[in-house]
Every structure is written in C-alpha cells, then in structure tokens.
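*Asks:*
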Amino acid sequence: MGKMAASVVDYGEDAFRKIFKFYKRRQPPPDFSKVVDFSSGPVSDKVVSTELDPTSVSDGEAREVGLRPVREWRAFGLQGYPGFVFISNPFAPGSQPVWVRQCLKSYPQKPNVCNLDLHMPPGETEDIWGKSADALRCQPSGKRGPKTLLEKLRWVTLGYHYNWDTKTYSSDSQTPFPADLHSLSSHIAAACGFSGFSAQAGILNYYRLDSSLGIHVDESELDHTRPLLSFSFGQSAIFLLGGTRREDTPMAMYMRSGDVMVMSGPSRLLYHAVPRIIPTLSDSDDLIRHYPPPEGSTITGLVTAKDWEVCSRYIQNSRVNMTVRQVLGPGQSFPETQSAERGCDRVSDRGLKKK
Ligand code: SIN
C-alpha cells in the first residue's frame, strides 16, 4: 500500500505530462534510447508483428494510391495496446513526394479550411502555395527570409471541418473530402480489417522543428468503432501513446516519413501527443532518394521538378501529419448537442505556447 502511494507521488498526478516534458526538453537533450523504432523491426519485447489481410486490397488498387502490395507491408502491434497497428512506410518508391505535394499545394486550397483563415481576409489565403513557392524555392539553404504563408500554415481541415471552439463536427460545415486521400484511407483501413471505412474528416498538422502537439484524445467523432488513421511525411516525430487516463505512463515511438498508424478498438480513445520533432531525414530516406520517381510509377499527379524544389525545401524543416476519421457510422446523423474533445491543445511552437 505504502509502495503504491509512493509510485503515484513519484510520477506526480500526471505521468503523461511528465514524459511529455522529458522528450520536449532541449537542454540537456533527453535520452532517446527507450524510444521504440519500428523501422528496425520488432527489436523491443513490447513490439509484435501483426498480420494484415493481403486479399483486402488488390495490387492495382494499392499502386494507384502509391502503396506497395499489402503482402510487402511491415506491420506491428504493441503488447498492451490491442487495436493499435503501426505500418512502417508502406509507400512505393517515388510516391511519398506526391502525398507531400498534396499536403502543401492541394489540400490547403479552398474550400478546405486552415489556421490562416482565422485572422486573414479570404482573398489572402486563397493561393497559399502560389504566394510562397517562389520565395521558398529561391531561399538559399540555411538563410531565413520573412516567413512565407506556407511556413505559417499550422493546420488544414478536410471534409467535415473540425470546429476548434466547440470541439465538434457538424453538417453545416462540410466540403467534399479529397478523393485520393479517401481511397488511400479505405485501403489502409481495409488491410487492417475495417472494410467499409469511409473517410469523412481530416486534420492536417504542419510542424516546424520546434513544434509540438499537446496531450489529447480524439473523441469528437460520433462512431468510435471506426479507426483513426494517421499518415506522416517529412521529418520524424516522437509520438507518445498513453492509456485511457493521464496517469498511465505513455510509450514513446518514432514516426518517420511514410509511416502509418491505425488506432482502433480499445486503442481508439487513448491519450496521445507529439512532444518533439527530430530532423532525421537524410538523402538516403525513401522520400528524398526516390525523386524523380522510378520508371513505371503510376500514381496520378506526378510531382514536377519545380514543385519538388519547393516541397523538398519545406520538409527539411518540417513534418506534416494527416489524421483521417470517419465521423458518423452508417445511418447515423448529428445530434443537437455533441460531446467535446478532451484536453485538446493543437500544434504549438516553442515560445508561443508553453505546455
Ligand atoms: C501526429 O502528428 O502524429 C498526431 C496528430 C494528432 O494526434 O492529431
């Protein structure tokens, strides 16, 4: 009894916050040796290989959205986290640049909504890419000019637009969900056993090297039997996955460019956060190495060399994450009042918003 009380005191009331602050710390730098690295396979005793359904997605369907055949994916689970699936970069060589381009050039466009809309007149946020591309392309590396709109982008919402104030979705604020991301999400979900998943809302977070994402649970969706999908591109993140209570000590793992995470079942409503971005991306990384794409790549909307100049410059200092959600179950509709998302702090920059 005495021992248990001591451990509660040791960890404080909030073990998650303690670990969050540990990994966010700059000086002295934290010890990263306990961070699970799925790119090295099941090296930790907590990591287990997970079987996916290779028949759920044809090779052609996978190829169309830039994925390798499902039988080639390396998928893992974590002991103690049923429903959590980590797919270590299932993207085919040369296809990540296409998704990065979509996140930077296409998805921030109207009618989608972004953080800049909150304090800029509509005309000024209409062509974020067009207003930023030349400045980014010409920026000598290492030198910093005035921040472009693209560098000021923090979030974009798709489909049912998440309302950050009420922490709800509603039928009054909805625009078409991008078809390409809808297909990508359906295939990932189907391979994990969720055929029929329909992407209805997306939140894209844009992180600079000093950004973090606060501790939160994604519970505003009305159907929690559907998984939450998460796609990462660019620099790496330390991702923390906790329990259903803030007192549960979270596990730390790397999320690298191309990695996909699926939170479903008992893991759908777990606390999670991103305390730190780590610039691990190098020329040997798939994302960089495979531009221009190899012969025979069929993914639609190939990235032009001019686009790639901007994207590659941007991701040197950034990470982009897309979370995709199904908000309503089949036949479900929005009630009069909706539940709130607990403890949600969005991406914050060092110095601007302290945890
Ligand atoms: C991430 O950036 O990896 C997490 C995004 C989220 O939880 O919304």
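In this note's numbering, the protein residues as written are 6 to 360.
Here a beta-carbon is modelled for each residue, glycine too, at the ideal position from N, C-alpha and C.
In angstroms, rounded to a whole number, what distance separates the CA positions of L274 and V267?
*Replies:* Answer to the nearest angstrom: the Cα atoms are 12 Å apart.
*Asks:* Leaving aside the five residues before and after Y211 along the sequence, list all residues of the same chain whose C-beta is less than 6 Å from its C-beta, in chain order.
*Replies:* Hits under 6 Å: L158, R159, V325.
*Asks:* Apart from the five residues just before and just after V13, which ones in its own chain have a Cβ nearer than 7 Å to its Cβ?
*Replies:* With a pLDDT of only 42 at V13, under 50, the local geometry of the prediction cannot be trusted, and the value read off the model is given with reservation. Answer for V13: no residue qualifies.
*Asks:* In whole angstroms, what is the alpha-carbon distance linking L227 and V332?
*Replies:* Their Cα atoms are separated by approximately 5 Å.
*Asks:* Taking only runs that begin and end inside the stretch 55-80, name each unbroken alpha helix (DSSP H) of 4 or more residues, in chain order.
*Replies:* List check, alpha helix (DSSP H) in window: 64-69.
*Asks:* Give the DSSP-derived three-state secondary structure of Y319 in the structure shown.
*Replies:* DSSP places Y319 in helix when its eight states are reduced to three.
*Asks:* Please work out which residues of its chain come closer than 6 Å, Cβ to Cβ, to Y165, disregarding the five sequence neighbours upstream and downstream, and give them in chain order.
*Replies:* For Y165, where only same-chain residues beyond five positions count, the Cβ hits under 6 Å are Y174, Q179, Q205, A206, V332.
*Asks:* Using the beta-carbon count (16 or more within 10 Å), is Y259 buried or exposed?
*Replies:* The residue is buried, with at least 16 neighbouring Cβ atoms inside 10 Å.
*Asks:* Taking the C-alpha atoms as reference points, what is the distance between V279 and P335?
*Replies:* Whole-angstrom Cα-Cα distance: 32 Å.
*Asks:* Assign F37 to buried or exposed, taking buried as 16 or more other Cβ atoms, counted over all protein chains shown, within 10 Å of its Cβ.
*Replies:* When all chains shown are included, F37 counts as exposed.
*Asks:* CB of I193 to nearest heavy atom of ligand 1: below 8 Å?
*Replies:* No - ligand 1 has no heavy atom lying nearer than 8 Å to the Cβ of I193.
*Asks:* Ignore the nearest five residues each way along the sequence and tell me which others in G150's own chain have a CB closer than 7 Å to its CB.
*Replies:* Answer for G150: A140, Q144, listed in chain order.
*Asks:* Helix or strand or just coil, what does DSSP make of D116?
*Replies:* One detail in the question is off: residue 116 reads as Pro in this sequence, not Asp. DSSP places P116 in coil when its eight states are reduced to three.
*Asks:* Taking the beta carbon of R330 as the centre, do at least 16 other beta carbons fall within 10 Å, making it buried, or is it exposed?
*Replies:* So R330 ends up on the buried side.
*Asks:* For T162, count neighbouring Cβ atoms within 10 angstroms of its own Cβ and tell me buried if that reaches 16, exposed if not.
*Replies:* Buried is the call here.
*Asks:* Could you give the distance in angstroms between the alpha-carbon of I133 and the alpha-carbon of P127?
*Replies:* When rounded, the distance between both Cα atoms is 11 Å.
*Asks:* Please work out which residues of its chain come closer than 6 Å, Cβ to Cβ, to A20, disregarding the five sequence neighbours upstream and downstream, and give them in chain order.
*Replies:* Excluding residues within five positions, the ones whose Cβ falls inside 6 Å are E252, T254.
*Asks:* Need the endpoints of the beta strand (DSSP E) that A161 sits in, please.
*Replies:* The sequence given here places Val at residue 161; Ala does not occur at that position. Its beta strand (DSSP E) spans residues 160-164.
*Asks:* Over what stretch of residues does the beta strand (DSSP E) that includes H221 continue unbroken?
*Replies:* From DSSP, the beta strand (DSSP E) with H221 extends over 216-221.
*Asks:* I'd like the span of the alpha helix (DSSP H) that includes F339, first residue to last.
*Replies:* Unbroken run through F339: none, as it is neither H nor E.
*Asks:* Please find out if some non-hydrogen atom of ligand 1 comes closer than 8 Å to the beta-carbon of F21.
*Replies:* Every heavy atom of ligand 1 is 8 Å or more from the Cβ of F21, so no.
*Asks:* By the DSSP assignment, the beta strand (DSSP E) with I304 in it spans what residues?
*Replies:* Careful: I304 lies outside any beta strand (DSSP E) and carries neither H nor E.
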